[in-house]
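>
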Amino acid sequence: MKSLCLALTATALLLSGCATTTEVDTVQGSVSYRERIALPPGAVVTVALQDTSKQDVAADTLTQASYAIEGAPPYPFTLSYDADALIPGHSYTLSARIEDAQGRLLFINTSVENAFDGDGNNLVLQRVSAAQQANPPLRDTLWQLTHINGDTAPLGMQERAADLVIGQDGVAAGFAGCNRYHGALVGADDTLAPGPMAATMMACPSGMDLEREYLSRLSRANRFEITGATLRLEDQQGQELLRFIAR
């Protein structure tokens, strides 16, 4: 019995010596806006820590958190993340937005906010105009790409966002990251029916990966939803493919 206990003890010590722990760190800051206005009841602020090192692929979200808003700004936030997941030489930024209880976008940050540059991470958001908050029509609206698969979309050539305009004939056209494109997207009854997309054949030093991903997802769009100024394109299972904001 004594030998068994000693063996078990030795095994436990061996296993504990091999165990690894995840180093969890935090990044803190605050979110505010300049306008002296009260937010509607139920408003929520969401802050995300993202790897934005690659300019022509979607940003990788390491962690994000949402907070119910109480009182006046600034609104403090704390994000916990796996420090071991940080890659030396990569760029890490913070993105933030404020939405009302129905998910309509009220405020968003429009500038690059470095997460670890020691400036206190005080994010000042820009207000979305009333015209943008109202549900714009699917057709004849300039839709600017903001998210791919739920992650912040990268910018294309010349730091320009991909975009989409759907004409009254249901033909979509816009900038895909490098080239201009056009093709059938919406049927007469406002159902999505993507057809082949034609595009110019320019080769760009950046934006090509974004373009391939964007056009691939656009071709799989099966349904759409417009909430406030936000257009979401989804696949047959209701999973979000692309997200846009009206401009």
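Throughout the sequence shown, residue numbering follows mature numbering (1 follows the signal peptide of the UniProt record, and there is no 0), covering -21 to -1, 1 to 226 in sequence. Glycine is no exception: its CB is placed at the ideal position from the N, C-alpha and C atoms. Here the structure is a predicted model, which means the values were calculated and not measured.
#1: With contact counted as at least three CB pairs below 8 angstroms, one residue from each stretch, are the segment 95 to 109 and the segment 190 to 205 in contact?
#2: How far does the beta strand (DSSP E) with glutamate 219 in it reach, from first residue to last?
#3: In whole angstroms, what separates the C-alpha of asparagine 93 from that of valine 107?
#4: So, for glycine 166: in the same chain, excluding its five sequence neighbours on each side, which residues have a beta-carbon less than 7 angstroms away from its beta-carbon?
#5: Rounding to the nearest angstrom, what Cα-Cα distance links histidine 69 and aspartate 169 in this structure?
#6: Could you tell me which uninterrupted beta strand (DSSP E) segments, each at least 3 residues in length, are contained entirely in the segment 115 to 165, listed from first to last along the chain?
#7: Going by CA-CA distance only, name the one from Ala44, Pro184, Gly129 that's closest to glycine 156.
#8: Here's a check: name, in chain order, each residue in its chain whose Cβ is nearer than 7 angstroms to the Cβ of threonine 89, leaving out the five neighbours to either side.
#9: DSSP beta-bridge partners for valine 23?
#10: Could you please give the first and the last residue of the uninterrupted beta strand (DSSP E) stretch that includes glycine 211?
#11: What does DSSP give as the partner residue(s) for asparagine 100 in the beta ladder?
#12: What's the C-alpha gap between glutamine 218 and isoleucine 127?
#13: By Cβ distance, which residues of its chain are closer than 6 angstroms to asparagine 114, with the 5 residues on each side in sequence left out?
#14: Name the DSSP beta bridge partners of aspartate 106, please?
#15: Buried or exposed: alanine 151, going by 16 or more other Cβ atoms within 10 Å of its Cβ?
#16: Please say whether leucine 143 and glycine 153 have beta carbons closer to each other than 7 angstroms?
#17: Quick check: is the beta carbon of aspartate 188 nearer than 7 angstroms to any beta carbon in chain B?
#18: From the DSSP output, in three-state form, read off leucine 65 for me.
#19: Please report the distance separating the alpha-carbon of aspartate 214 from that of arginine 76.
#20: DSSP three-state label for leucine 171, please.
#21: Between Leu65, Val26, Ala22, which lies nearest to glutamate 49 when the distance is taken from Cα to Cα?
#22: Compare the C-alpha of tyrosine 60 against each of Ala47, Glu78, Asp39 and name the closest.
#23: Identify the continuous alpha helix (DSSP H) that holds serine 195 and give its terminal residues.
#24: Roughly how many whole angstroms lie between the Cα atoms of alanine 80 and serine 74?
So, from the data block:
#1: Counting Cβ pairs under 8 angstroms, fewer than three are found: no touch.
#2: Where glutamate 219 is concerned, the enclosing beta strand (DSSP E) starts and stops at 219 to 225.
#3: Taking the Cα positions, asparagine 93 is about 22 angstroms away from valine 107.
#4: Within the same chain, glycine 166 has close Cβ partners Gly149, Ala172.
#5: Their backbone Cα atoms lie some 42 angstroms apart in a straight line.
#6: Entirely contained in the segment 115 to 165, the beta strand (DSSP E) runs reaching 3 residues are, in chain order, 121 to 127, 142 to 145, 150 to 154, 159 to 163.
#7: Of Ala44, Pro184, Gly129, the residue nearest in Cα terms is Pro184.
#8: Here the set comprises Gln105.
#9: In the DSSP output, where bridge partners are listed per residue, valine 23 has Ala47, Glu78.
#10: Reading off the sequence, residue 211 comes out as arginine, not glycine. That run of the beta strand (DSSP E) goes 209 to 213.
#11: Bridge partners of asparagine 100: none, in fact.
#12: Those two C-alpha atoms are separated by around 11 angstroms.
#13: Excluding the 5 residues flanking it on each side, asparagine 114 has same chain C-beta neighbours closer than 6 angstroms at Ile205, in chain order.
#14: The question names aspartate, yet the displayed sequence has arginine at residue 106. Arginine 106 has Phe86 as its beta-bridge partners, per DSSP.
#15: For alanine 151, the number of other beta carbons within 10 angstroms of its own is at least 16, and it is reported as buried.
#16: Cβ atoms of glycine 153 and leucine 143: closer than 7 angstroms.
#17: Note that chain B does not occur in the displayed structure, where there is just one protein chain.
#18: Note: leucine 65 maps to coil in three-state DSSP.
#19: Aspartate 214 and arginine 76 have their C-alpha atoms roughly 25 angstroms apart.
#20: Leucine 171: strand per DSSP, three-state reduction.
#21: Looking at the Cα atoms, Ala22 is the closest of the given residues.
#22: Among Ala47, Glu78, Asp39, the Cα nearest to that of tyrosine 60 belongs to Asp39.
#23: From DSSP, the alpha helix (DSSP H) with serine 195 extends over 187 to 198.
#24: If I take the Cα positions, the gap works out to 19 angstroms.
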